[in-house]
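*Asks:* Chains as they are written, first to last, in my numbering: chain A, 1 to 130; chain B, 1 to 130.
Yeah, the Cβ is synthetic: ideal placement off N, Cα and C, and Gly gets one too.
Only a predicted model underlies this, so the values are computations on that prediction, with no experimental measurement involved.
Structure below; questions to follow.
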DNA sequence: TCGTAGTATTCGGCAAGGCGGATAAGTCAA
DNA sequence: TTGACTTATCCGCCTTGCCGAATACTACGA
């Protein structure tokens with residue numbers, strides 16, 4: 001599913017509205033998790049196997065499997081069978097564009113970008129953070 | 001504040017690593033909420049007051065206030081006083097670029113983009129969706 | 001000064017979603 | 001077919017973060 005390229009889309013602003021926002025937000029959500037983003041960046045650099053991904057991010061294999069499936073469903077990466085392994089790669093060059101652009105913006109605002117520091121001033125005890 | 005260009009920021013994929021990912025993920029998180037994304041798109045089209053934003057998204061004023069503060073902290077929008085109102089606008093052209101790019105990608109993958117439909121097959125009762 | 005409009009913060013509640021561990025399901029070599 | 005290996009699903013647990021309502025704070029006008 002999801003033919004990798006085939007795309008022809010070109011950036012065209014305007015014509016927003018609609019529940020298009022919901023879909024796009026969903027799209028962003030996939031990248032809003034540090035682990036998934038790390039995985040995407042890792043795969044962006046080169047084709048990777050699941051095992052490599054597991055080692056790279058350091059969480060359990062089942063979790064990585066879910067994350068990779070998520071990235072694949074969203075069209076960020078493509079899975080390819082190689083023997084009994086799966087190799088993941090990024091098929092759409094716009095993905096790199098998107099990440100690069102976001103990284104640039106984030107870097108510029110990194111200063112104030114504790115983002116939503118106002119939201120979780122709750123909680124108590126528990127010093128384990130993560 | 002926040003000079004649009006200013007800092008380096010040149011597209012260079014790979015060679016990322018670092019906890020840069022965390023910051024960037026944080027950045028994406030701001031756009032991963034449909035309400036916030038809707039607000040950003042709304043403001044992207046024209047400068048808006050808080051009241052307009054509240055009406056546009058249809059949730060409580062306190063919530064909108066938090067969302068707008070979040071967007072401002074992340075550098076997506078800029079707040080400007082006008083009388084006793086606040087007017088929000090987008091100061092960095094790259095924000096529009098980012099949204100446009102994401103929208104294009106999301107549209108292309110919208111088909112399979114139920115994104116993480118595999119994650120919440122739990123729960124029961126309660127048919128209130130979201 | 002006081003009153004009002006506009007904005008921000010606090011609070012309790014609740015769903016979404018990330019995590020590890022156990023385990024099922026699929027894939028290939030002998 | 002069996003066994004080894006790789007990947008995906010299920011499970012309970014727990015944190016994150018969104019929500020409305022109440023309310024405090026701030027800026028401006030009279």
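Would you give the residue range spanned by the beta strand (DSSP E) that residue 78 of chain A belongs to?
*Replies:* Sequence index remark: in the first chain, residue 78 of chain A carries index 78 (1-based). Unbroken beta strand (DSSP E) run through residue 78 of chain A: 78-82.
*Asks:* So, at 6 angstroms on beta carbons, what are the nonlocal neighbours of residue 77 of chain A in its own chain, with the 5 sequence-adjacent residues on each side left out?
*Replies:* By one-based count along the first chain, residue 77 of chain A stands at place 77. Result list for residue 77 of chain A: 43, 71, 88 and 90, in chain order.
*Asks:* Going by the beta-carbon positions, is the gap between residue 30 of chain A and residue 36 of chain A smaller than 8 angstroms?
*Replies:* Taking the first residue of the first chain as 1, we reach residue 30 of chain A at position 30. Taking the first residue of the first chain as 1, we reach residue 36 of chain A at position 36. Yes. Within cutoff.
*Asks:* Taking the C-alpha atoms as reference points, what is the distance between residue 63 of chain B and residue 46 of chain A?
*Replies:* Numbered from its first residue, the second chain carries residue 63 of chain B at position 63. Numbered from its first residue, the first chain carries residue 46 of chain A at position 46. The alpha-carbon atoms of residue 63 of chain B and residue 46 of chain A are separated by roughly 41 angstroms.
*Asks:* Nearest to residue 50 of chain B by alpha carbon, out of B:65, B:99, B:23 and B:59?
*Replies:* In the second chain, residue 50 of chain B corresponds to position 50, counting from 1. Answer by Cα proximity: B:65.
*Asks:* Between which two residues does the alpha helix (DSSP H) harbouring residue 50 of chain A extend?
*Replies:* Taking the first residue of the first chain as position 1, residue 50 of chain A is located at position 50. Taken as a continuous stretch (DSSP letters only), the alpha helix (DSSP H) holding residue 50 of chain A covers 50-57.
*Asks:* By Cβ distance, which residues of its chain are closer than 8 angstroms to residue 20 of chain B, with the 5 residues on each side in sequence left out?
*Replies:* Working through the second chain from its first residue, we reach residue 20 of chain B at position 20. Closer than 8 angstroms at the Cβ level, and outside the excluded window around residue 20 of chain B, lies no residue.
*Asks:* With a Cβ-Cβ cutoff of 8 angstroms, do residue 98 of chain B and residue 102 of chain A count as a contact?
*Replies:* In the second chain, counting from the first residue as 1, residue 98 of chain B sits at position 98. In the first chain, counting from the first residue as 1, residue 102 of chain A sits at position 102. Result yes, Cβ atoms of residue 98 of chain B and residue 102 of chain A sit closer than 8 angstroms.
*Asks:* Applying a beta-carbon distance threshold of less than 8 angstroms, which residues of chain B neighbour residue 80 of chain A?
*Replies:* Counted from its first residue, the first chain places residue 80 of chain A at position 80. By Cβ distance, chain B contributes nothing, its closest Cβ being about 17 angstroms from residue 80 of chain A, past 8 angstroms.
*Asks:* What residues from chain B crowd round residue 32 of chain A, counting only those whose CB sits closer than 7 angstroms?
*Replies:* Residue mapping note: residue 32 of chain A aligns to position 32 of the first chain, counting from 1. What residue 32 of chain A touches in chain B: 25, 28, 29 and 32.
*Asks:* Measuring alpha carbon to alpha carbon, tell me which of B:80, B:79 and B:74 ends up nearest residue 112 of chain A.
*Replies:* In the first chain, residue 112 of chain A corresponds to position 112, counting from 1. Comparing Cα positions, the closest option is B:74.
*Asks:* Using CA atoms only, rank isn't needed, just tell me which of B:60, B:22, B:41 and B:82 is closest to residue 96 of chain B.
*Replies:* For the purposes of this step, residue 96 of chain B is identified with residue 96 of the second chain, where counting begins at 1. Of B:60, B:22, B:41 and B:82, the residue nearest in Cα terms is B:41.
*Asks:* Using the three-state DSSP reduction, which class does residue 32 of chain A fall into: helix, strand or coil?
*Replies:* What you label residue 32 of chain A is simply residue 32 of the first chain in a count that begins at 1. Three-state DSSP puts residue 32 of chain A in coil, outside helix and strand.
*Asks:* Are there 16 or more other CB atoms within 10 angstroms of the CB of residue 104 of chain B, so buried, or fewer, so exposed?
*Replies:* Within the second chain, residue 104 of chain B is the residue found at index 104, counting from 1. Buried, by the Cβ-count rule.
*Asks:* By DSSP, does residue 65 of chain A sit in helix, in strand, or in coil?
*Replies:* The count along the first chain starts at 1 and reaches residue 65 of chain A at position 65. DSSP places residue 65 of chain A in helix when its eight states are reduced to three.
*Asks:* Please state whether the Cβ-Cβ distance between residue 22 of chain B and residue 34 of chain A is less than 8 angstroms.
*Replies:* Locating residue 22 of chain B in the second chain gives position 22, counting from the first residue. Locating residue 34 of chain A in the first chain gives position 34, counting from the first residue. Yes; because the gap between Cβ atoms is below 8 angstroms, this pair is in contact.
*Asks:* My assumption, with CB atoms under 8 angstroms, is that residue 27 of chain B sits in contact with residue 106 of chain A. Please give the rounded CB distance.
*Replies:* Position 27 of the second chain, counting from 1, holds the residue named residue 27 of chain B. Position 106 of the first chain, counting from 1, holds the residue named residue 106 of chain A. So it is a contact: roughly 4 angstroms between Cβ atoms.
*Asks:* Go ahead and pull the three-state DSSP assignment for residue 21 of chain B.
*Replies:* Numbered from its first residue, the second chain carries residue 21 of chain B at position 21. Three-state DSSP puts residue 21 of chain B in a helix.
*Asks:* From what residue to what residue does the alpha helix (DSSP H) around residue 108 of chain B run?
*Replies:* Along the second chain, read from residue 1 onward, the residue named residue 108 of chain B stands at position 108. Segment 93-109, the alpha helix (DSSP H) holding residue 108 of chain B.
*Asks:* How far does the beta strand (DSSP E) with residue 60 of chain A in it extend, from its first residue to its last?
*Replies:* If you number the first chain from 1, residue 60 of chain A lands on position 60. Per DSSP, residue 60 of chain A belongs to no beta strand (DSSP E) and is neither H nor E.
*Asks:* I want to verify the contact list: residues of chain A whose CB lies under 8 angstroms from the CB of residue 37 of chain B, in sequence order.
*Replies:* For this step, residue 37 of chain B is matched to residue 37 along the second chain. By Cβ distance, chain A contributes 21, 24, 25 and 28.
*Asks:* Within 8 angstroms of any Cβ in chain A, is that where the Cβ of residue 103 of chain B sits?
*Replies:* Residue numbering aside, residue 103 of chain B sits at position 103 when the second chain is read from its first letter. Yes, residue 103 of chain B lies at the interface with chain A (some Cβ there is under 8 angstroms from its Cβ).
*Asks:* List the residues of chain B whose Cβ lies closer than 8 angstroms to the Cβ of residue 75 of chain A, in chain order.
*Replies:* Position 75 of the first chain, counted from the start, is the residue given in the question as residue 75 of chain A. The answer, in chain order, is 105, 108, 109, 112 and 113.
*Asks:* Would you please verify whether the beta carbon of residue 13 of chain B is less than 8 angstroms from any beta carbon of chain A?
*Replies:* In the second chain, residue 13 of chain B corresponds to position 13, counting from 1. With a pLDDT of 36 at residue 13 of chain B, under the threshold of 50, the modelled position of that residue is not reliable, and the figure given next carries that caveat. For residue 13 of chain B, the answer is yes, since a Cβ of chain A falls inside 8 angstroms of its Cβ.
*Asks:* Exposed or buried, residue 48 of chain B, counting other C-beta atoms within 10 Å across all chains shown (16 or more means buried)?
*Replies:* The count along the second chain starts at 1 and reaches residue 48 of chain B at position 48. So residue 48 of chain B ends up on the buried side.
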